[in-house]
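The block underneath contains the structure these notes are about, expressed in structure tokens.
Residue numbers (this note's numbering): 13 to 276.
See the structure below:
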């Protein structure tokens, strides 16, 4: 049987189909090999400190997608994201059940529902009255996640502690549709710096005019303001620590850190 690279210049349809079958068999073999590696992931995570929360690792997942998209030749970025998100989702479900909690309004918005399905595949989804109730489920079960609309009333219950230890760990969609993510994922999971990150701040007013770096996007959320900074910032280091100390009325706090959406 001819290999795909050995097709004649004018192959018959049967020749092409045989070549496709060879490639499909190779893809299946590689997929099974990748799935078998999940056992190693589970064993390695068992040695991590207790209380890591969700088996989800959104930062690692975005690193995988970014690397694949950068290395592509002809493959469409959106196709790569859909394919690998399906693979990663199945691998994650092998590590434990993760339920996605959303408000009823988010679940009933077709665009948001499709984004969640495209990104999280077979993860079960539960609807709740409002974002605050959805966050409380993650507080009760830190292996789960909560997804909120960026432009919704999630900030106040978050500040009041509804999400417990959860923070913003990802933004959706994974491929950029603009500076501001449409959805935010809250959960209990490590979010190490990757070099292409955003830090989301919550304040009770505007940041000082001389604050640097300037936010890449801002949003008023009831009595609060969201400001996203390009980069991974700690509240214990410059510039956040100095701003918090000199402006105590701001109530500055980090809502979370996440890998930036992929630009294509």
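The beta-carbon is built from N, C-alpha and C at its ideal position, and this holds for glycine as well.
Quick one: is residue 207 buried, meaning 16 or more other Cβ sit within 10 Å of its Cβ, or exposed?
Along the chain shown, read from residue 1 onward, the residue named residue 207 stands at position 195. Exposed, because fewer than 16 other Cβ atoms sit within 10 Å of the Cβ of residue 207.
Does DSSP put residue 45 in a helix, a strand or coil?
For the purposes of this step, residue 45 is taken as residue 33 along the chain shown, with counting starting at 1. Three-state result, residue 45: helix.
Would you check if the distance between the CB atom of residue 152 and the CB atom of residue 139 is smaller than 8 Å?
Reading the chain shown from its first residue, position 140 is the one you call residue 152. Reading the chain shown from its first residue, position 127 is the one you call residue 139. For residue 152 and residue 139, no; Cβs fall outside 8 Å.
Pick out whichever of 158, 34, 78 has its Cα sitting closest to the Cα of residue 276.
Reading the chain shown from its first residue, position 264 is the one you call residue 276. The shortest C-alpha separation from residue 276 is found at 78.
Which residues does DSSP pair with residue 157 in a beta bridge?
Translated into positions along the chain shown, residue 157 becomes position 145. In DSSP, residue 157 forms a bridge with 112.
Please give me, in chain order, every unbroken run of the beta strand (DSSP E) with length at least 3 that falls completely inside the segment 235-265.
The segment 235-265 contains these whole beta strand (DSSP E) runs: 236-242.
Measuring only the C-alpha atoms, how far is residue 27 from residue 33?
Along the chain shown, one-based indexing puts residue 27 at 15. Along the chain shown, one-based indexing puts residue 33 at 21. One C-alpha to the other measures close to 10 Å.
So what does residue 197 bridge to, in DSSP terms?
Reading the chain shown from its first residue, position 185 is the one you call residue 197. Answer by DSSP bridge pairing, in chain order: 159, 182.
Between 25, 185, 202, 172, which has its C-alpha nearest residue 214's C-alpha?
On the chain shown, position 202 is the one that residue 214 refers to. Looking at the Cα atoms, 172 is the closest of the given residues.
Please classify residue 15: is it buried, with 16 or more other beta-carbons within 10 angstroms of its beta-carbon, or exposed?
Taking the first residue of the chain shown as 1, we reach residue 15 at position 3. Per-residue confidence for residue 15 stands at a pLDDT of 49, beneath the threshold of 50, marking its modelled position as unreliable; no derived number is given.
Hey, how far is the Cα of residue 25 from the Cα of residue 39?
On the chain shown, residue 25 is found 13 positions in, with the first residue counted as 1. On the chain shown, residue 39 is found 27 positions in, with the first residue counted as 1. If you take the alpha carbons of residue 25 and residue 39, they lie about 21 Å apart.
Counting C-beta neighbours from all protein chains within 10 Å, is the total for residue 159 16 or more, i.e. buried, or is it exposed?
Taking the first residue of the chain shown as 1, we reach residue 159 at position 147. Buried.
My parser needs the alpha helix (DSSP H) runs of 4 or more residues fully inside the segment 114-151; what are they?
DSSP runs (the alpha helix (DSSP H)) wholly in the segment 114-151: 116-119, 122-132.
Here's the rule I'm using: 16 or more other beta-carbon atoms within 10 Å means buried, otherwise exposed. How should residue 13 be labelled?
Numbered from 1 along the chain shown, position 1 holds the residue referred to as residue 13. Any reading at residue 13 must be qualified, since the residue scores a pLDDT of 41, below 50, and its modelled position is unreliable; no value is offered.
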